[in-house]
Structures are given as C-alpha cells and as structure tokens.
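Q: Below is a structure I'd like to ask you about.
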Amino acid sequence: MRRYESVFVINPDLMDAEIEATIDKFTGIISSQDGTLFNRENWGRRKLAYRIQKFTRGYYVLTDFAGEPAVVSELERNYKLDDRIIRFLTIKTSDRVDLEAIKAELAAKPAALPEAEKPADESKTPVPVEAIESSGETPETEV
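Just so we're on the same page, the working numbering is the position in the sequence shown counted from 1, plus 21.
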C-alpha cells in the first residue's frame, strides 16, 4: 500500500448538505476500493488564486489515505466525471505504509496536544496572585 494526499475543490455555490454529500461520496470511494482514510480536513470556502470555470471561490477538502494505485485511478476518474468538482490534485506521500504504525500515530496525536500547550520554560509560567499574597512577597513591576 501507498500513502496519498488528495485535495479537491468543490463548487462553492452548492448548499452545505450537497457539499457534505459530495465529500461523503469521495471518501466512500476510498473505502470501497479497500483504501484506508486517515484524515479528512474541510478547509471551507476560500478564494481561488485564479479563475476556474468562472468561479473565483471554492470549497476545499483535503483527504489523507492509504491504498493501492487503483484507488487513486478510480478516485480521479470520479473527480473528472463529477461536475461539482472544479479542481483536484492527488500526490503520493509515501511508497510503503505500515497501517498499524500510522493508526498508533494518529491515536497518540490528541494525547500529545495538551503537552504542546504547556509552556516550554517553567520560569515564564504566570504565578497566581493568591500565591504571591500568601507568601508575603511584593511583586516586582517593570517600569
């Protein structure tokens, strides 16, 4: 199996329910072709860099998945057939994929977020006012 990322741009004039149905259609194609979807990011409506099919805006979606090359062929064939898709790009990010390692990495990602929110230097951590008042120290102020 190989790992791929695919970005596609949907017609921005569609209703939200129809956009969601379009996204579900293409993620369903990945699953039906024995692919594994790791991540899907809806980037929302954004301005295009240049005019495409008379559109100046588009609804962007990024999918990160693993599968055989036949998955990409079927996915891109459906992108071309669907009038709701105004542009797409699929790239291969890795030749060999260890599904278990990637699933473990994705499972550990939310657990790592609280660690990233902590300040790197403990000396710069703000001290609560109650702690200063109870210690009898007067806080130093910079002028």
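Cβ coordinates follow ideal geometry from the N, Cα and C atoms, glycine included. In this text the structure is predicted, and so the values were computed from the model without any measurement.
#1: When burial is assigned at 16 or more other CB atoms within 10 Å of the CB, is E41 buried or exposed?
#2: Looking only at its chain, what residues have a beta carbon closer than 6 Å to the beta carbon of N63, apart from the 5 residues adjacent to it on each side?
#3: Hey, Y71 and V30: beta-carbon distance below 9 Å or not?
#4: With distances taken Cα to Cα, identify the nearest neighbour of K113 among K68, P90, L35 and F76.
#5: Per DSSP, S170 forms a beta bridge with which residues?
#6: Suppose you measure from the CA of L134 to the CA of E126; what does that come to, to the nearest Å?
#7: With a Cβ-Cβ cutoff of 9 Å, do S27 and V118 count as a contact?
A: Straight from the coordinates:
#1: Position 20 of the sequence shown, counting from 1, holds the residue named residue 41. Label assigned to E41: exposed.
#2: Residue 63 sits at position 42 when you count from the first residue of the sequence shown. Here the set comprises V82.
#3: Counting from 1 along the sequence shown, the entry for residue 71 is found at position 50. Counting from 1 along the sequence shown, the entry for residue 30 is found at position 9. No, the pair does not count as a contact, with Cβ atoms beyond the cut-off.
#4: Along the sequence shown, read from residue 1 onward, the residue named residue 113 stands at position 92. Of the listed residues, the one whose Cα sits closest to K113 is P90.
#5: The requested residue 170 does not occur in the structure, where the chain is confined to residues 22 to 164.
#6: Counting from 1 along the sequence shown, the entry for residue 134 is found at position 113. Counting from 1 along the sequence shown, the entry for residue 126 is found at position 105. With a pLDDT of 43 at L134, under the threshold of 50, the predicted position of this residue should be treated as unreliable, and no value is reported.
#7: What you label residue 27 is simply residue 6 of the sequence shown in a count that begins at 1. What you label residue 118 is simply residue 97 of the sequence shown in a count that begins at 1. It is not a contact, given that the beta carbons lie outside the stated cut-off.
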